[in-house]
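Asker:
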Ligand code: NDP
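Numbering (full-length UniProt numbering), first residue to last: 1 to 311.
(1) In angstroms, rounded to a whole number, what distance separates the CA positions of residue 112 and residue 19?
(2) Starting from the C-beta of residue 194, find all residues in its chain whose C-beta is less than 6 Å away, skip the five residues before and the five after it, and write them out in chain order.
(3) Could you tell me whether any non-hydrogen atom of the ligand NDP is closer than 6 Å to the CB of residue 365?
(4) In the DSSP assignment, find the alpha helix (DSSP H) that holds residue 96 and state where it starts and stops.
(5) Can you find the residues in the same chain that come closer than 8 Å, C-beta to C-beta, to residue 81, ignoring five residues on each side of it along the sequence?
(6) Please find out if some non-hydrogen atom of the ligand NDP comes closer than 6 Å to the beta-carbon of residue 202.
(7) How many Å lie between residue 32 and residue 53 at the Cα?
(8) Roughly how many angstroms lie between the CA atoms of residue 94 and residue 132, to the nearest whole one?
(9) Just list the residues that DSSP pairs residue 177 with in beta bridges.
(10) Going by C-alpha distance, which of 105, 96, 260 and 141 is nearest residue 191?
(11) What's the gap between the Cα of residue 284 and the Cα of residue 66?
(12) Quick test of the definition: if touching needs 3 or more C-beta pairs under 8 Å, does the stretch 288-306 touch the stretch 76-92?
(13) Just verifying my parser: in three-state terms, what is the DSSP assignment at residue 30?
(14) Following the continuous alpha helix (DSSP H) through residue 71, name the residue where it begins and the one where it ends.
(15) Does the distance between the C-beta of residue 145 and the nearest non-hydrogen atom of the ligand NDP fall short of 6 Å?
(16) Tell me the DSSP bridge mates of residue 220?
(17) Can you tell me whether residue 6 is helix, strand or coil according to DSSP?
(18) Can you give the Cα-Cα distance for residue 72 and residue 237, rounded to whole angstroms?
(19) Could you check whether the Cβ of residue 283 sits closer than 6 Å to any heavy atom belonging to the ligand NDP?
(20) Let me check you understand the geometry: is the CB of residue 311 closer than 6 Å to at least one non-hydrogen atom of the ligand NDP?
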């Protein structure tokens, strides 16, 4: 079997490293665009593939993402509708995300930004403390990563709510909501909003003026989903009028964030360069091997996403 590595933003051969190449048992790995016979290519590993990337491979059966998200692969116009798209599920990644989100939730609760500003002015002033139980946190997305984040925040003592498309069984310390009515009900009780949704036609632009207006005044946004979830001007307006006290942004519609973008120097925005958490190369390798095995056995690969739903 032959596998093609396809990316316009990353050198995947370098990114995945020699260990990944060695572990690819009986699979010849080539980089796109490759000159050799394309008929044997049944598998691809991709990240931001160029528009015409999959045109050359008529027998392609599956495309593995190197991350949890697959939106960049589904957006590729040359991806045939019958090709399976596979995401990575990596509990270690969910743990890293959980730490990242907890850092920002606690930063808001304990007013770290104000203390940092006071330190720059050599000002010694206590700000008063709020208990975790008085800071309700809601998570958009109750999937592989959202569940871990929700469970850990609940252990830290925050009242936690989580929203999904379909009804979910309760998790200890986490109230679960679903659908449009569930979102309304949840936002009305929310101070900190964490976005952990996949990017789909339904979720694009979900972080907008109306969403912010339903939250508690002085709320906080932690945006770790995808940049296109956020209506940027609506965030700036919500910060300006005090509806939101601050925001932590890890993902952006255009990455890297453009020079002189207003987010860079905004006093109440924390910017990180899409670095909340990443999957390990080991997890990508395990996904890749399970996919190849399933193709050989004529089975649908595990962790294939639902092409209709978009995640
Ligand atoms: P999953 O696919 O496991 O979970 C997605 C969750 O979102 C599910 O609970 C799903 O509901 C819910 N959902 C999807 N569409 C809707 C909708 N229209 N309305 C309500 N709920 C919806 O994804 P993961 O938890 O693994 O990852 C989530 C996202 O996090 C990724 O797609 C990616 O965008 C982002 N991410 C960002 C990273 C970063 O470094 N910043 C790193 C990793 C991921 P249901 O359960 O009912 O299907």
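Even glycine gets a Cβ: it sits at the ideal position worked out from N, Cα and C.
Because the structure is a prediction, the values reported are computed rather than measured.
Answerer: Reading it off the structure:
(1) 41 Å
(2) 101, 139 and 222
(3) This structure does not reach residue 365, given that the chain is present from 1 up to 311, and the question cannot be answered.
(4) 91-109
(5) 307
(6) yes
(7) 8 Å
(8) Distance between the alpha carbons of residue 94 and residue 132 is about 22 Å.
(9) Paired residue(s): 163.
(10) 105
(11) 6 Å
(12) yes
(13) Three-state result, residue 30: strand.
(14) 71-74
(15) yes
(16) 192 and 246
(17) The DSSP-derived three-state label of residue 6 is strand.
(18) The C-alpha of residue 72 lies about 29 Å from the C-alpha of residue 237.
(19) no
(20) Residue 311 Cβ: within cutoff of the ligand NDP.
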